[in-house]
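These protein sequence lines are chains A and B, in that order.
Just so we're aligned: 138 in numbering that gives the first Met the number 0 is position 139 of the first sequence, and the numbers increase by one with no gaps anywhere.
Just so we're aligned: 43 in numbering that gives the first Met the number 0 is position 44 of the second sequence, and the numbers increase by one with no gaps anywhere.
For every residue, glycine included, the Cβ atom is placed at its ideal position computed from N, Cα and C.
One structure is given below, encoded as structure tokens.
Number of protein chains: 2
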Amino acid sequence: MQLTKRGPRANRLLAGLPHKDLQHLLASCESIDLTFAEVVSLSGDRIRHVYFPTGSIISMVAPVDGYAGLEVGMVGNEGMFGVGLLLGVDVSPLHALVQGAGPALRIHAKRFRRELAENPALRRGLNRYLYVLMSQLAQTAACTRFHLVEARLARWLSMTRDRVRSDEFYLTQEFLSHMLGVRRVGVTKAASSLQERKLIAYTRGMITVLDRSALEAAACGCYLADKTTYARNLG
Amino acid sequence: MQLTKRGPRANRLLAGLPHKDLQHLLASCESIDLTFAEVVSLSGDRIRHVYFPTGSIISMVAPVDGYAGLEVGMVGNEGMFGVGLLLGVDVSPLHALVQGAGPALRIHAKRFRRELAENPALRRGLNRYLYVLMSQLAQTAACTRFHLVEARLARWLSMTRDRVRSDEFYLTQEFLSHMLGVRRVGVTKAASSLQERKLIAYTRGMITVLDRSALEAAACGCYLADKTTYARNLG
DNA sequence: CGTGCTCTGTACACTAGCGCGCAGACGACC
DNA sequence: GGTCGTCTGCGCGCTAGTGTACAGAGCACG
């Protein structure tokens, strides 16, 4: 893992903090490694830690009775997990699981609340992030309803690529099918198509993005919309 | 319109405030009437006013290029429109339009921010509401993906019924089709089915709920899930 | 080197919902 | 009372995605 994926500055929310505030916050943080498919938190659980991924990705999955759930948000080095605490609620309404293995910083919920109370810059930044996250939720809802699996897959891969900052990452079609809320077969078809078009290549879970900009073009507008929202509010 | 739909206490967020805080806030509020299909705000617009519906309903619609959009949140007397301001952002990422005509209280964005700064009880309550709203967004995303139109319609009508606190309300199938993100014909089929089952009756936009609890039972679990989340956090 | 597991690809019958177009029904308004 | 606009219902061909089941392919590990 490169250095750029491990230091606190690798997380864009933390990178935006004034030096002194950051140092103060870091004193309460511990550096950890998240492993693929690890469950960070289940819907309804108390949030024990807040996570700032630096090189990892956490998926937020809405549970639905009788189904495996649906991913509604993706948190990488541009965000954090545990936003409920910003609003005074220490229970996550969503499942959170590790979609991309890698390093992250985490901080105990209690200390995080204290930091929050003492640190207006942190509060301001995270509030804005929460706004972006809400926009993403809404966008995803609409996207899931209207767009075809292939475009959604392209969006999803592009988002992942941005967050791991690498053209290669590990993801089985089975996993993807849960994220997108479709059958594995649906992913196979869409992925085959993207591979035929030379946008990606994959074998046994290792996915390689061959043509980034073409992949982004194959994605639905939601990809760009998300990016724009982020840039406007946190850029 | 009954008195219970007009006074400030008709809005559950306001009703939860200490008397003194409420009085202070009300000094900045004006009482207005929202008319059916009125556009409160478009995606990307500056938020000029925050709305507390007392007898009206505002729909939050996520725009999608090439489609009429998809409703992702419903705000009635249990909520407010303009949550972005809580997070320091004065632009709405979503369209907001009036789904149920009726009275509401509103307050200028600027004054609202000042109130917010001065009034911790208000902040606390609204933060919790924001949390509930986020949960609703996620729930709706999953619901829209997995559940059949008939169950979604039943959910939607039940939610509306709760918010207008009346078994009769005006809504055309055309409008409903936009909210649910399906064709009008899809609504016709689902609504016919519910009517055959004696759960509702309707003619030319006037919908009557005949059997509330059966309608709620016909809805997907998302209806109950939303209610539970609200009760747990604001009840 | 073979065995077993995981990952990927394919086939088949089925269904919910789409797009479009049209027809009836009710109400409002001149 | 006739006309027009709005609301509701239906038919028809079509498509994306479903559920299930099975087969090949690559890797790991004994």
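About 7 Å separates the Cβ atoms of L132/B and G78/B, confirming a contact at the 8 Å cut-off. Taking C-beta atoms under 8 Å as the contact rule, I56/B and G75/B qualify, at a distance of about 5 Å.
For the segment 19 to 35 of chain A, the beta-carbon criterion of a distance under 9 Å to any beta-carbon of chain B is satisfied by none of its residues. Every beta strand (DSSP E) stretch that sits fully inside the segment 55 to 118 of chain A and reaches 3 residues is listed by chain position as 56 to 61, 69 to 74, 94 to 99, 101 to 107. Interface flag for Y169/B against chain A is unset, since no Cβ pair is found closer than 8 Å.
The three-state reading of DSSP puts T187/A in helix, counting H, G and I together. Between the segment 24 to 35 of chain A and the segment 102 to 114 of chain A there are three or more inter-stretch CB-CB distances shorter than 8 Å, so the stretches are counted as touching. Sequence-distant partners of R183/A (beyond 5 residues in either direction) whose C-beta falls short of 7 Å from its own C-beta, in its chain, are Q172, E173, S176.
In the DSSP assignment, C28/A is bridged to I106/A. Shown in chain order are the members of the segment 136 to 160 of chain B whose Cβ falls below 9 Å from a Cβ of chain A: L136, A137, Q138, T139, A140, A141, C142, T143, R144, F145, H146. Taking one beta carbon from each stretch, the segment 32 to 47 of chain A and the segment 86 to 95 of chain A have 3 or more pairs nearer than 8 Å; the two touch. Taking a contact to require three or more Cβ pairs closer than 8 Å, the segment 121 to 128 of chain B and the segment 48 to 62 of chain A do not qualify as touching. The C-alpha of A137/A is placed about 26 Å away from the C-alpha of L214/B.
Proximity of the segment 112 to 121 of chain A to the segment 152 to 167 of chain A falls short of the contact definition, fewer than three beta-carbon pairs being nearer than 8 Å. At least one beta carbon of chain A lies nearer than 8 Å to the beta carbon of S134/B.
Along the segment 96 to 127 of chain B, the positions whose C-beta sits under 7 Å from a C-beta of chain A are R123, N126, R127, read in chain order. Sixteen is the threshold: when 16 or more other Cβ atoms of the shown chains lie within 10 Å of the Cβ of K4/A, as they do, the residue is buried. DSSP places V181/B outside any beta strand (DSSP E), giving it a letter other than H or E. Around the beta-carbon of A9/B, 16 or more other beta-carbon atoms lie within 10 Å, marking it buried. Between the C-alpha atoms of S212/B and A140/A there is a straight-line separation of about 28 Å.
When rounded, the separation of the alpha-carbon atoms in V63/B and H146/A is 10 Å.
Residue-level contact by beta carbon fails for P17/A and chain B, as no gap is shorter than 8 Å. In terms of beta-carbon proximity, G87/A lines the interface with chain B, with at least one pair separated by less than 8 Å.
In the assembly as shown, E149/B is a buried residue. Its beta-carbon has 16 or more other beta-carbons within 10 Å. Among the CB atoms of chain B, one or more fall inside 8 Å of the CB of N232/A. Taking 8 Å as the CB threshold, G78/B stays off the interface with chain A. Its Cα nearest to that of Q98/B, the residue V163/B stands out among G185/B, Y229/B, S192/B, V163/B.
Assigned with DSSP and collapsed to three states, E167/A falls in strand.
Shown here for E167/B: same chain residues with a beta carbon closer than 6 Å to its own, the five before and five after excluded, namely T207 in chain order. Between Y66/A and chain B, the shortest Cβ-Cβ separation is below 8 Å.
Per DSSP, reduced to three states, the secondary structure at S42/A is coil, with no helix or strand assignment.
With a 10 Å radius around the Cβ and a threshold of 16 neighbouring Cβ atoms, S191/A comes out exposed. Contact with chain A is absent for T227/B, since none of that chain's Cβ atoms lies less than 8 Å from the residue's Cβ.
With respect to the 8 Å criterion, L152/B and L170/B are not classified as neighbours on the basis of their beta carbons. Straight-line measurement puts the Cα of V60/A at about 23 Å from the Cα of L233/B.
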